[in-house]
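Right, one structure below, let's go through it.
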Amino acid sequence: MHTARTNVVNLRTVDQNALAGFDTAPDSANVRLPVVARLCGVSPVTVWRWSKSGRLPTPRRLSEGVTVWNVGDLRQALAKRV
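Start counting the sequence shown at 792; every next residue gets the next number (my numbering).
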């Protein structure tokens, strides 16, 4: 059980780094679900709903269990929300 907690802490750290670097990342970069949820200030379930409804761009599935959103597409969608 201690290992699971360590993994969660490490994942949060990685997410914080990706979130902190979002503004300087190239438009061709990709981010994963936790970063998108934090950028939008919503739950991961809401990110999926918004992606399905067109409020957020459609993510790309890189492999089994790895889905990403393009940073450039997200910037455009977030700019429209403001």
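Cβ coordinates follow ideal geometry from the N, Cα and C atoms, glycine included.
query	result
Nearest by alpha-carbon distance to PRO848: which of GLU855, ASP814, LEU824, GLY856 is it?	LEU824
Between the alpha carbons of THR815 and ASN808, how many angstroms are there, rounded?	12 Å
Roughly how many whole angstroms lie between the Cα atoms of VAL800 and ARG872?	Interpretation of VAL800 is limited by its pLDDT of 42, a score under 50 that renders its predicted location unreliable; no figure is taken from the coordinates.
Return the Cβ separation of VAL838 and CYS831 in integer angstroms, given the expectation that the two are a contact with Cβ distance under 8 Å.	6 Å
Could you give the DSSP three-state label for VAL833: helix, strand or coil?	coil
Can you tell me whether DSSP reads ARG866 as helix, strand or coil?	helix
When you compare only the Cα positions, how much space is there between ALA828 and ALA870?	16 Å
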